[in-house]
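Student: Residue numbers (my numbering): 1027 to 1838. Even for Gly, the Cβ is constructed at its ideal location relative to N, Cα and C. Next up is a structure, given as structure tokens.
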Amino acid sequence: MQQINSFGKLTKSALSISIGLALSFSTTQSRAEESSSVSQNERKELEVISVTSQKRSQRLQDVPASLNAFTENELKDLGITNAVDIANAIPNIELNSAGGNGNQIITIRGVGLNDFSLNNTPTTAVHIDEVPLSSNAMTGFSLFDLERVEVLKGPQGTLFGRNSTAGVVNFITQKPTDITEGYVTATVGNYGTFNLEGAIGGELTDSLTARLSIKSETSDEGFQTNTNPDASWSENGEVDKFAARVQLMWTGDDTTILANIHTGSDKSQPWLPQAEGTTGVDGTPCASALVGRPDPSECFVDGFFGAAYQEISDTDGDVHSGSYDFKPTADDAYNGFSLRIDHELSFATFTSLTGADNFRYRHKTDLDGIAGMDLQEIAGFIGLDKNDSWQTANILHQFEDFEVDQFTQEFRLTSTTGGDLKWLTGLFYAVEDIKNSTGYASDNFGLFASLPADFGGYGAVIENTGAVFNHDFEQENSSYAIFAQFDYALTDETNVSFGSRYTKDDKDFEDESYGLDDAGNRVVKLMPFSVDPLDLTTLKQSFSTSNVSWKVGMDHKIEDDWMVYGGVSKGNKSGGFPGTIPFSEADVAAYGDETIISYELGSKLSALDNTLRLDVTAFYYDYQDMQGVYATTEGFDTLNRVGDAKVMGVELSGTWLLTESLTWTFGAALLDTEISDSVENVGDALGNPTDFNGNELSHAPKQSASTSFNWTNDISDNLLLSVQVNAAYKSDFFLRYDNDPSSHWDESSLTLGSRITLTNADDTWSVALWGRNITDEVIPSYQSFSLAKQDHFVFYNQPATFGIDFTYRFED
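Following this line, the structure appears as structure tokens:
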């Protein structure tokens, strides 16, 4: 009841803000019209943004939903080159990454699956030209030659082929035209950055057009320093990316066919985590870790092994340096094809959208964040002497080889007859074939067996226990859906809408875990801290589910440029199988569906002769059977049901043309989250039994905001100068559901960026000086506990980057 009352207060506040501002701007506009002698045609207005989030071309301000859109020029001015930049530009959106390359987790309004396993469908559906991407691993692509980006918040199921609980991000590429035109952009920057991007397109025949787009990104320096004097390399984070796209469009009398062939690779070197100890030399928690800021002088990595670990704890306080003993590498590649056919019928547009993609993700990384340990200094090991080959041991290195083949097919009918009723209906089919082999190399796997029983060992050396633990699985997914949405105009000012979707998901999972000795032979499957040697035979499991999602809503035009709307919707995300390292058969058991019931009220206003756009939204989520990763009382992470949650908030966004030269874009959000009906068998930072009841969701700051100012003016008859300054703010937040102090980033952050562009009068060339995160703000993106939760490893964001762009445009 308290949550509902709180939502009521938030809703009243949002409506009060909206109505108050609307009335204020309406009055101001009326007075301006009475006193101004300037004609409407002479006034400069905001650019009208057209979007297609509802499968029809509409003005952004006419869409009764929480929708953010960025045009081509806005993407350039904000310096948006990847999905991380999108998150910085929109409040209530977080993007988490572990080491950079690919595998991005997008969280919208606190809703996001905090799992980097590559076989799980993300809560935020990411599309490229409406073709969905099935895995987080596929979302690390470069953004180039885009027409716009649309971000739709809240559960979705009645408009896009792939349903989701958090929202939809759709990247819309530039399409071929009958005009021969293109551009080339070269970028140089710090860390030895050199990027090259270009596109060319035009007419091949009277009915056939084409466009070729290419982007290459390289750097010969990494931003993360390796301080290990015995290592063969000194930096992490060098960039090596390539992407290309060819589009062919055939246009007939009633039919348009668009083919898209794309390819790319990413061999950028991942960066590595920081190892932050949480225990003292006696194995008890260090005092500073209990308040969320481990002090390296007293908190050791795996501190129960004694003071010898102090020398490998990260003590310099620089999150962009560390001591590492294993060089990370990546070799990602993707190839794909999509085909869109639009055919005009007498009553509707028939659309066929086919997508086929192959993605390969190969990574080697040092997950422990430290340079190993000297076993001669550690008491408690049995049967080891100074001549033992294991006297210097690595903690945990990971080798991951993941491949997914996905095929999607959507058929859609969109009404075109006009009148009071508009409708859309469609069929969706998807099949995914996933293969994964993950190896964890750790001398601990054998060494832990020699520990006394009090430390989880067997008290004696066990031969041939394996220095590598492999977890292999294959997964086949199939999804079938039918969906429809109907919009009916009750009056010229009032519309009602209803939509529904039925989805059937089937998943087959085959899992195998085994150890490898130095010769590559399979051996007993022993894992540290297990009660018995882990002896998992090949497991074959199936999971099948079906669900119905729906949406009802109403919108009303108070004035021509002022709309209010409201709605209730239900979104679902199917369950599946954990792709994380298993310690028992229970760790690879299927988890169930999650559901969100969303309540949303909003207002969209255009005022002051279309020099101001202002949107206000209030929302409340009843989040049921939330999926997530958490640590059990045994000290290991698992993916399963976390519990239920209540999520509520208010969002404000707008754009204001303050003068003919100065534009202000702004956004702010308040967010409140609380977990209830928590799962049992939950461990705190030390493995003690606890629960999540009353805790906040992870990556859900209570306050977030973004703003940008763009000043553009002629500085001569032939030159145009544009100065863009942007900032993103977020308050403190938790990295994990347990809300342990060590997972609490208790500092607010303010990230600043800027871009200064000089363009000639006919827009054929431009030079831009830019900077991102120019104040070098430090923000954690992901935290993972180690075995037995004696420490955790944290990935942080990239430091400040600067560069200069040179662009040449041509048109025939």
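Evaluate Phe1603 with the Cβ neighbour count: other Cβ atoms within 10 Å of its Cβ, from every protein chain shown; 16 or more gives buried, anything less gives exposed.
Tutor: Here residue 1603 refers to the residue found at position 577 of the sequence shown. Buried is the call here.
Student: Helix, strand or coil: which one does DSSP assign to Val1820?
Tutor: Counting from one through the sequence shown, the residue named residue 1820 turns up at place 794. Three-state DSSP puts Val1820 in a strand.
Student: Cutting at 6 Å between CB atoms, please list the residues of its own chain near Phe1433, excluding the five before and the five after it.
Tutor: Your numbering for residue 1433 matches position 407 in the sequence shown. If you ignore the 5 residues before and after Phe1433, its C-beta comes within less than 6 Å of the C-beta of Ala1382, Val1457, all in its own chain and listed in chain order.
Student: Let me check understanding here. Comparing Cα to Cα, which of Arg1781, Gln1729, Val1137 lies closest to Ser1624?
Tutor: Stepping through the sequence shown from its first residue, residue 1624 is reached at position 598. Comparing Cα-Cα distances from Ser1624 to each of Arg1781, Gln1729, Val1137, the minimum goes to Val1137.
Student: How about Ile1607 and Phe1495: are their beta carbons less than 9 Å apart?
Tutor: Taking the sequence shown and counting its residues from 1, one reaches residue 1607 at position 581. Taking the sequence shown and counting its residues from 1, one reaches residue 1495 at position 469. Result yes, Cβ atoms of Ile1607 and Phe1495 sit closer than 9 Å.
Student: Can you tell me the Cα-Cα spacing of Tyr1455 and Tyr1528, whole angstroms?
Tutor: Counting from one through the sequence shown, the residue named residue 1455 turns up at place 429. Counting from one through the sequence shown, the residue named residue 1528 turns up at place 502. Tyr1455 and Tyr1528 have their C-alpha atoms some 12 Å from each other.
Student: Mind checking Trp1297: buried by the 16 CB within 10 Å criterion, or exposed?
Tutor: Counting from one through the sequence shown, the residue named residue 1297 turns up at place 271. Buried: at least 16 other Cβ atoms inside 10 Å.
Student: Which whole runs of the beta strand (DSSP E) in the segment 1117 to 1195 are 3 residues long or more, in chain order?
Tutor: 1119 to 1123, 1130 to 1134, 1150 to 1154, 1172 to 1179
Student: State the DSSP-derived secondary structure class of Asn1707, mapped to helix, strand or coil.
Tutor: One-based indexing of the sequence shown puts residue 1707 at position 681. Reduced to three states, the DSSP call for Asn1707 is coil.
Student: Thinking C-beta only, is Asn1099 closer than 9 Å to Ser1679?
Tutor: Stepping through the sequence shown from its first residue, residue 1679 is reached at position 653. Stepping through the sequence shown from its first residue, residue 1099 is reached at position 73. Not closer than 9 Å, so no.
Student: Could you say which of Asn1521, Thr1107, Asn1462 lies nearest to Glu1873 if we only look at CA atoms?
Tutor: Given that the chain is displayed from residue 1027 to residue 1838, the structure contains no residue 1873 and the question cannot be resolved.
Student: Taking just the CA atoms, how far does Val1705 sit from Ala1671?
Tutor: Taking the sequence shown and counting its residues from 1, one reaches residue 1671 at position 645. Taking the sequence shown and counting its residues from 1, one reaches residue 1705 at position 679. Answer to the nearest angstrom: the Cα atoms are 12 Å apart.
Student: What is the C-beta distance between Ser1807 and Ser1123, in whole angstroms, given that I count them as a contact (C-beta under 8 Å)?
Tutor: The sequence position of residue 1807 within the sequence shown is 781, counting from 1. The sequence position of residue 1123 within the sequence shown is 97, counting from 1. About 5 Å; that satisfies the 8 Å criterion.
Student: What first and last residue would you give for the alpha helix (DSSP H) that runs through Asn1721?
Tutor: Looking up residue 1721 in the sequence shown gives position 695. Here Asn1721 belongs to no alpha helix (DSSP H), and DSSP marks it neither H nor E.
Student: Whole angstroms is fine: what's the gap from Leu1795's alpha carbon to Thr1783's?
Tutor: Walking along the sequence shown from the start, residue 1795 turns up at place 769. Walking along the sequence shown from the start, residue 1783 turns up at place 757. As the crow flies, the alpha-carbon of Leu1795 is around 6 Å from that of Thr1783.
Student: Name the DSSP bridge partner or partners of Ser1463?
Tutor: In the sequence shown, counting from the first residue as 1, residue 1463 sits at position 437. Paired residue(s): Asp1427, Asp1498.
Student: Pick from Ala1616, Thr1637, Asp1635: whose alpha carbon is nearest that of Arg1667?
Tutor: Position 641 of the sequence shown, counted from the first residue, corresponds to residue 1667. It is Ala1616.
Student: Where does Asp1531 fall in DSSP's three states?
Tutor: Locating residue 1531 in the sequence shown gives position 505, where the first residue counts as 1. Three-state DSSP puts Asp1531 in a strand.
Student: Following the continuous alpha helix (DSSP H) through Lys1390, name the residue where it begins and the one where it ends.
Tutor: By one-based count along the sequence shown, residue 1390 stands at place 364. Here Lys1390 belongs to no alpha helix (DSSP H); instead the beta strand (DSSP E) covers 1374 to 1392.
Student: Please state the DSSP three-state secondary structure of Asn1841.
Tutor: As shown, the chain starts at 1027 and ends at 1838. That puts residue 1841 outside it, with no answer to give.
Student: Would Asp1349 and Asn1254 be called neighbours here (beta carbons separated by less than 9 Å)?
Tutor: As a first step, residue 1349 is located in the sequence shown; it is residue number 323 there, counting from the start. As a first step, residue 1254 is located in the sequence shown; it is residue number 228 there, counting from the start. Residue identity check: residue 1349 is Ser in the sequence provided, not Asp. Yes, they are a contact pair.
Student: Could you compute how far the alpha carbon of Leu1178 sits from the alpha carbon of Thr1191?
Tutor: Indexing the sequence shown from 1 puts residue 1178 at position 152. Indexing the sequence shown from 1 puts residue 1191 at position 165. Roughly 11 Å separates the two Cα atoms.
Student: Taking the beta carbon of Asn1721 as the centre, do at least 16 other beta carbons fall within 10 Å, making it buried, or is it exposed?
Tutor: By 1-based counting over the sequence shown, the position of residue 1721 is 695. Within a 10 Å sphere around the beta-carbon of Asn1721 sit 16 or more other beta-carbons, which makes this residue buried.
Student: Name the DSSP bridge partner or partners of Tyr1649?
Tutor: As a working mapping, residue 1649 is identified with position 623 in the sequence shown. According to DSSP, which records beta bridges pairwise, Tyr1649 is partnered with Ile1622, Ala1671.
Student: Under three-state DSSP, which class holds Val1614?
Tutor: As a working note, residue 1614 is residue 588 in the sequence shown. Here Val1614 sits in helix by DSSP.
Student: Would you decide whether Pro1554 is buried or exposed? Buried here means 16 or more other CB atoms lie within 10 Å of its CB.
Tutor: Translated into positions along the sequence shown, residue 1554 becomes position 528. Since pLDDT at Pro1554 reaches only 40, below the 50 mark, its modelled position is unreliable, and the value read off the structure follows with that caveat. Buried is the call here.
Student: Of the choices Ala1113, Val1074, Asn1145, Lys1756, whose alpha-carbon is the least far from that of Phe1428?
Tutor: Within the sequence shown, the letter at position 402 stands for residue 1428. Nearest option by C-alpha distance: Asn1145.
Student: According to DSSP, is Asp1292 helix, strand or coil?
Tutor: Translated into positions along the sequence shown, residue 1292 becomes position 266. Asp1292: strand per DSSP, three-state reduction.
Student: According to DSSP, Gly1215 sits in a beta bridge with which residue or residues?
Tutor: For this step, residue 1215 is matched to residue 189 along the sequence shown. In DSSP, Gly1215 forms a bridge with Thr1219, Gly1829.
Student: Taking the straight line between their C-alpha atoms, what separation do you get for Phe1499 and Asp1537?
Tutor: Residue numbering aside, residue 1499 sits at position 473 when the sequence shown is read from its first letter. Residue numbering aside, residue 1537 sits at position 511 when the sequence shown is read from its first letter. Their backbone Cα atoms lie some 4 Å apart in a straight line.
Student: Alpha carbons only, please: which of Gly1618, Pro1299, Tyr1763 is nearest the one belonging to Phe1821?
Tutor: Numbered from its first residue, the sequence shown carries residue 1821 at position 795. Nearest C-alpha to Phe1821: Pro1299.
Student: Out of Gly1628, Thr1564, Ile1622, Asp1635, which has the shortest C-alpha to C-alpha gap to Glu1611?
Tutor: By 1-based counting over the sequence shown, the position of residue 1611 is 585. Nearest C-alpha to Glu1611: Thr1564.
Student: Using DSSP's beta-bridge definition, name the partner residues of His1770.
Tutor: Within the sequence shown, the letter at position 744 stands for residue 1770. DSSP lists Phe1760 as partners of His1770.
Student: Determine the contact status of Ile1800 and Asn1823, defining contact as a CB-CB distance below 9 Å.
Tutor: Reading the sequence shown from its first residue, position 774 is the one you call residue 1800. Reading the sequence shown from its first residue, position 797 is the one you call residue 1823. No.
Student: CA-CA distance, Asp1271 and Ser1768?
Tutor: Looking up residue 1271 in the sequence shown gives position 245. Looking up residue 1768 in the sequence shown gives position 742. The question names Asp, but residue 1271 is Arg in the sequence shown. About 44 Å.
Student: Could you tell me whether the segment 1233 to 1242 touches the segment 1155 to 1171, where touching means 3 or more Cβ pairs closer than 8 Å?
Tutor: yes
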